[in-house]
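Written out below as structure tokens is the structure these notes cover.
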Ligand code: NAD
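Set out below in structure tokens:
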């Protein structure tokens, strides 16, 4: 039996083909939701996630959705509409997880306007317009879950623009919760600390010293795993979280304490 009964619910997870998004997609699938696994380029990886969900008895489909340009969100929903009725007659969506995100390593002194615009386009504009264009599809009582970052409140100067995108996302969470509250829709952010995914591969993987340093930042003394975040998202997607909205849930293992 699943912990959170999501049978009959439809979930969209952006960036669902790997890392934290994959963990979220697989977890929501195990809870019984129909999962649209949105991916940018790696169709084979998205198909693998769909396969895992199906093997676990769930329902899922892959959805190509490259984000970061004007019109990306509208295109995502058009692709979604074309697929969803095969899995959930009547269409619509109950749970939107804005997980896709791009990293950007730069201090202000080396930041370019192009890089700034690109990271805001994926990390901020895309979530805004995915929800904006999804409003008519999102059912009353639904969920918007934004994957933010502990970097929005823990100062790390070499990711100054990335951190600002997550600060903006958290503010979106706060204000959107107020706007959608009358429809019974909750809106929350989950803010991970350092999680072992591709976004950190360059500096973390295979470097014992870096891993030790990263682990020591968390009160719990380890680097996080995608499942640590996915479990919180599953709670937020469920009815058990019905009185939680407009908030940022720290998923950093106590970094910054
Ligand atoms: P990841 O690099 O493995 O995954 C990022 C996902 O976003 C991928 O699926 C990728 O395809 C997708 N994506 C990136 N650019 C895209 C684009 N232009 N269009 C569509 N999809 C795009 O890293 P992750 O750690 O799994 O990241 C998931 C989320 O978690 C991101 O929002 C990230 O900012 C956030 N986060 C990660 C960490 C960490 O330490 N791993 C910490 C805090 C927050």
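Numbering (the numbering used here), first residue to last: 1 to 257.
Just so it is clear, CB atoms sit at the ideal spot from N, CA and C, and this is done for glycine as well.
Since this is a predicted model, take the numbers as computed values, not measurements.
- Look at residue 182 here: in three-state DSSP terms it is helix.
- Just measuring C-alpha positions, the residue of 132, 184, 229 sitting nearest residue 73 is 132.
- In this structure, residue 197 places its C-beta atom within 8 Å of the C-beta atom of residue 20.
- In this structure, the alpha-carbon of residue 35 lies about 7 Å from that of residue 13.
- Here the C-alpha atom of residue 136 lies approximately 11 Å from the C-alpha atom of residue 77.
- Nearest in C-alpha terms to residue 179, of all of 246, 214, 203, is 246.
- Between residue 221 and residue 214, the gap from beta carbon to beta carbon reaches 8 Å or more.
- Under DSSP, residue 93 shares a beta bridge with 138.
- Short note on residue 85: C-beta not closer than 7 Å to any heavy atom of the ligand NAD.
- Counting along the chain, no beta strand (DSSP E) covers residue 125, and no H or E run does either.
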